[in-house]
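Colleague: Note that the sequence shown covers residues 45 to 229 in this note's numbering.
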Amino acid sequence: NLLVTAGQVHGPVLRQVSCPGHVPGCDALLTTTPGLALAVATADCMALLYRAPGVVAAAHAGWRGAAAGMPVATLEAVCTAAGRTADEVRVSLGPCIRSCCYEVGPEVAGAFPAAAVRRRGDHSFLDLPAVARSQLREAGLPASAFEDTGVCTACQPDLCFSYRRDGPETGRLWGVAALRVRRTV
45 NLLVTAGQVH
55 GPVLRQVSCP
65 GHVPGCDALL
75 TTTPGLALAV
85 ATADCMALLY
95 RAPGVVAAAH
105 AGWRGAAAGM
115 PVATLEAVCT
125 AAGRTADEVR
135 VSLGPCIRSC
145 CYEVGPEVAG
155 AFPAAAVRRR
165 GDHSFLDLPA
175 VARSQLREAG
185 LPASAFEDTG
195 VCTACQPDLC
205 FSYRRDGPET
215 GRLWGVAALR
225 VRRTV
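Structure representation (structure tokens):
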């Protein structure tokens, strides 16, 4: 397999790719090329991996990307590239910081529906996976189309890297998607 990585700028830009390398200025990659692995790095943000017949995509979404509609923009691009409807797409949500640990200020909390923000006393905690699931469900993805690790990066120091927990020097997790190369005999 050959690898292509996204530059990740915490925005809503997706690029369709067909060759390996690094693609600056985007947070999501899509391909129809078998054997080309798409990778996004995370350390509290969420990796969303999409698959439909003949298409895969990998998206990086923190609160900024989620607020900008990255989950739905990627779904729409996958549907267009595959010539399929949303109910034929599957999405895997990777480890990310979750509402147990993701305290946010009022400016971030206000960018999302109340159902995605948990209140504990005077503090607000964002549920990134709930935001993505809600956005994608509204766009037509059925509840059965999701796989979720359920892992909070901040709660799992032996398993995950966390920018919030460990600071900027922490490592990164990779979310990777690729189409299988079909071998013919």
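Where is the CB? At the ideal position from N, CA and C, for every residue including glycine.
A quick note: this is a predicted structure, and the numbers were derived from the prediction, not measured.
Going by DSSP, what residues sit across from residue 218 in a beta bridge?
Modeller: Paired residues: 85.
Colleague: If residue 176 and residue 130 are in contact, beta carbons under 8 Å, what's the gap, nearest whole angstrom?
Modeller: So it is not a contact: roughly 14 Å between Cβ atoms.
Colleague: Tell me which residues share the same chain as residue 257 and place their Cβ nearer than 6 Å to its Cβ, disregarding the 5 neighbours each side in the sequence.
Modeller: Because residue 257 is not part of the residues shown, which for the chain are 45 to 229, the question remains open.
Colleague: Cutting at 8 Å between CB atoms, please list the residues of its own chain near residue 217, excluding the five before and the five after it.
Modeller: If we look at residue 217 and ignore the five residues flanking it on each side, its Cβ neighbours are 85, 86, 87, 91, 138, 139, 197, 204 and 205.
Colleague: Do you know whose CA, among 227, 60 and 144, lies nearest residue 194's CA?
Modeller: Checked all of 227, 60 and 144; the closest Cα to residue 194 is 144.
Colleague: Thinking just about the alpha-carbon of each residue, which of 97, 133, 115 and 107 is nearest to the one in residue 58?
Modeller: Among 97, 133, 115 and 107, the Cα nearest to that of residue 58 is on 115.
Colleague: Roughly how many angstroms lie between the CA atoms of residue 82 and residue 213, to the nearest whole one?
Modeller: Taking the straight line from one Cα to the other gives about 24 Å.
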